[in-house]
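A.B. asks: I have a structure I would like to understand better, so I am pasting it below and will then ask my questions one at a time.
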Amino acid sequence: MRILILLLLLSFTLQSCGKKVLVFEPKKCSYTYRVKGKTYCVRRSSTGYVEVGIASWYGPGFHGKRTASGEFYNMYKLTAAHKTLPLGTYVRVINLENGKSVVVKINDRGPFVPGRIIDLSYAAAKRIGMLSKGTARVKIIALGRRVDHRYRQENYEKGRFYVQVGAFKNKLNAYRFKHKLLRKYGIKAKVVKLEGYYRVLAGPIFTYSAAEAYRKKLKRLGLRGSFIIRY
């Protein structure tokens, strides 16, 4: 048990060395992360989300690089970065200065510039006529996830949930922790890279209530920093 607690403490220490730090906050957020000293709450649901503010766009300097979702950024696709909407959410972005609109998929995090609410891809910015100006006042309306060419709001009771039991900057440390969990407690887990960390995820569990019960069980085993994510 002492070894397990030490491993958990090491994982949290490793998290604090990077730019983004995950914090357990189960009631409000799917998870939170920290950038430049500010904490952002990733919403559990996009249902009913509407926002008005300033949009910007990003292009050639990021083309071909990985996004927070793990996808490669393609400046010619209709995508965007948002700080708090669930990755994979589709939103309609309306340019309030000219009435043009575009539907984009949220696959990245940002923008982390004060006063801006969304970073559009080059193609999306071109579609709503804001390339030359660089920014525009927009309205964002969340549509949900796209299934069979239709947009559906997420059902957040049912789905594919995991309990995160550790996060490491070092891939080898993550796999060592995974094998430790299986050998000592019989906990089956997998390692995925998400937003800069190798995360050890126990599951899957297919309802949120069952995932919450499982998280409490893991807490009783000493995994006190565990929290639920949808992945």
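74 is the number that the numbering used here gives to position 74 of the sequence shown; each next residue is one higher, with no gaps.
Quick reminder that beta carbons are idealized off the backbone N, C-alpha and C, glycines included.
Every value quoted in this text rests on a predicted model; they were computed, and no experiment measured them.
Between residue 68 and residue 106, what straight-line distance do the alpha-carbon atoms span, to the nearest angstrom?
C.D. replies: Their backbone Cα atoms lie some 10 Å apart in a straight line.
A.B. asks: Classify residue 79: buried if its beta carbon has 16 or more other beta carbons within 10 angstroms, exposed otherwise.
C.D. replies: Counting Cβ neighbours within 10 Å, residue 79 comes out buried, since at least 16 surround it.
A.B. asks: Using CA atoms only, rank isn't needed, just tell me which of 169, 218 and 224 is closest to residue 199.
C.D. replies: Comparing Cα positions, the closest option is 169.
A.B. asks: Rounded to whole angstroms, how far is the Cβ of residue 90 from the Cβ of residue 146, which I believe are closer than 8 Å?
C.D. replies: Contact flag correct, Cβ pair sits at about 5 Å.
A.B. asks: Can you give the Cα-Cα distance for residue 135 and residue 56, rounded to whole angstroms?
C.D. replies: Cα to Cα, the separation comes out at about 5 Å.
A.B. asks: Indicate the three-state DSSP secondary structure (helix, strand or coil) for residue 219 in the structure shown.
C.D. replies: It is helical.
A.B. asks: Should residue 83 be labelled buried (16 or more other beta-carbon atoms within 10 Å of its own) or exposed?
C.D. replies: Label assigned to residue 83: buried.
A.B. asks: So, helix, strand or coil for residue 204, using DSSP?
C.D. replies: DSSP places residue 204 in strand when its eight states are reduced to three.
A.B. asks: What residue range is occupied by the uninterrupted alpha helix (DSSP H) comprising residue 173?
C.D. replies: It spans 171-185 - the alpha helix (DSSP H) in which residue 173 sits, taken as one unbroken run.
A.B. asks: Indicate the three-state DSSP secondary structure (helix, strand or coil) for residue 62 in the structure shown.
C.D. replies: Three-state DSSP puts residue 62 in a helix.
A.B. asks: With which residues is residue 167 paired in a DSSP beta bridge?
C.D. replies: DSSP lists 199 as partners of residue 167.
A.B. asks: Assuming residue 74 contacts residue 128 under a Cβ cut-off of 8 Å, what Cβ separation, rounded to an integer in Å, is found between them?
C.D. replies: Not really, about 18 Å apart at Cβ, beyond 8 Å.
A.B. asks: Looking at the secondary structure, which residues open and close the beta strand (DSSP E) in which residue 125 lies?
C.D. replies: From DSSP, residue 125 is part of no beta strand (DSSP E) but of the alpha helix (DSSP H) over 122-127.
A.B. asks: Taking 7 Å as the cut-off, is the beta-carbon of residue 81 closer than that to any non-hydrogen atom of the ligand NAP?
C.D. replies: The ligand content of the structure shown is nil, which means the ligand NAP is not present either.
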